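Below is one structure, written out as structure tokens, with a few remarks after it.
Numbering (my numbering), first residue to last: 590 to 940.
So this is what it looks like as structure tokens:
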């Protein structure tokens, strides 16, 4: 298993109302990055993250699952959470150990009760976040209406599109990237010139993105106000600061089941969401900056073959297999067995 420094790690929880498409989005990201060889489908019971029998029979997530993929040398850890309010404890435990969140919104239904709940939880944990508007290919999908409903929810933040939909409903062809200023058709990697009918909308949205980036960095703001043109790298840098501060929320669009718009989402995760080293951890800032071992257990399950499995986040220090650590809650010593990285139900040994 490859090693990654904290600068090249992203820990992201996917949250949203039940049925918004979180699991399908995770599946698409795994497939696009080559972590899987085929695109699993919820209706077929073949997704990586919904692996429990009851999840497959009900076609819904019941517990949080952890998967990971590699995109452009970044390790992206994804926490796929259930959307129904019966399982809110799973959502909150995932957000507690995540550095950022992706709020998935249905392009047909817009903001729903579950969307409002997870938005409040993200505020509670002070998490930078994305909005991903999913199901853009569905009948009755409405990007403008959905974006408006999210803006009402996020009244204290600026929603800044970083990609626009190229059509919608059955005419959803792909996405238009505002930073690259290119259209990306379908699920492939190819790009082409932006269609003429979208140029005005792209220019307006691009200006909003540049303004948000300038506001994220005082030096960039002064230069922008002086009429200088910001380079793509400078826009990226300033916009990340605006996202980390919580003043701006990037908006992307996708059809997860068709794998349209997935690469820009992955790019956004690596460019705009924080690495563990970018933020102060929520529980113990002193320990995070020390070499002492500090570990938080956010989930425990019973595996019929190997027994109890505890899902951990290492907040500081180094955790090793077959070691002993102190449990501060119980004032006892705990033995650590073999460390595994999880991808759904698959256990990958950590050396």
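Backbone N, C-alpha and C define an ideal beta-carbon position, used for all residues, glycine too.
Just so it is clear, the structure is predicted and the values come from calculations on it, not from any experiment.
Item, Value
"Residue environment, residue 695, which counts as buried when at least 16 other CB atoms sit within 10 Å", "buried"
"Secondary structure of residue 665, DSSP reduced to three states", "strand"
"Identity of the residue in 860, 915, 824 and 868 nearest residue 834 by Cα", "868"
"Nearest residue (CA-CA) to residue 611, options 886, 680 and 816", "680"
"Terminal residues of the beta strand (DSSP E) in which residue 916 lies", "912-916"
"Residue 655 vs residue 684 beta-carbon contact at 8 Å", "no"
"Per DSSP, the bridge partner or partners of residue 610", "Note: residue 610 sits in no beta bridge, so no partner."
"Burial state of residue 639, where buried means 16 or more other Cβ atoms lie within 10 Å", "buried"
"Neighbourhood of residue 827 by C-beta, 7 Å cutoff - its chain only, sequence neighbours within 5 removed", "802, 803, 805, 806 and 809"
"Residue 928 beta carbon less than 8 Å from that of residue 954", "Outside the modelled stretch of the chain, which goes from 590 to 940, sits residue 954, for which no answer is possible."
"Residue 670 - DSSP class collapsed to helix/strand/coil", "coil"
"Counted within 10 angstroms of its Cβ, other Cβ atoms place residue 880 as buried (16 or more) or exposed", "exposed"
"The segment 632-652 contacting the segment 900-915, beta-carbon criterion three pairs below 8 Å", "no"
"Three-state secondary structure (DSSP) of residue 717", "coil"
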